[in-house]
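Residues -6 to 61 in the working numbering are what the sequence shown lists, from first letter to last.
Backbone N, C-alpha and C fix where the C-beta goes; we use that ideal spot for every residue, glycine too.
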Amino acid sequence: MKGAVLFLLKLWRLLVSPLYPPSCRYYPTCSHYAYLAVEKYGPFKGLLKAFWRVLRCHPFAKGGVDYP
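Take a look at the structure:
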């Protein structure tokens, strides 16, 4: 399961992310954060952490360095 999720995240980063201009307020980007979180915590907790990260990314967020 973990491998499948990581594969899908890699596909997203290779195929979809280049279509949008870079606008992430955090480092690493949200898609890279999701990949690192799934790699570190597994698919369930990693995707929950990634979802929480996406919710925190908005125009009024301070941003900055945020590793999982």
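- In this structure, the alpha-carbon of Leu1 lies about 12 angstroms from that of Ser10.
- The beta carbon of Trp5 sits closer than 7 angstroms to the beta carbons of Ser24 from its chain, once the five residues preceding and following it are set aside; these are given in chain order.
- Here Asp59 has Tyr19 as same chain residues with Cβ atoms under 6 angstroms from its own Cβ, once five neighbours each way along the sequence are excluded.
- The Cβ neighbour count for Gly39, taken over all protein chains shown within 10 Å, is at least 16; the residue is labelled buried.
- DSSP places Trp45 in the uninterrupted alpha helix (DSSP H) bounded by Pro36 to Arg49.
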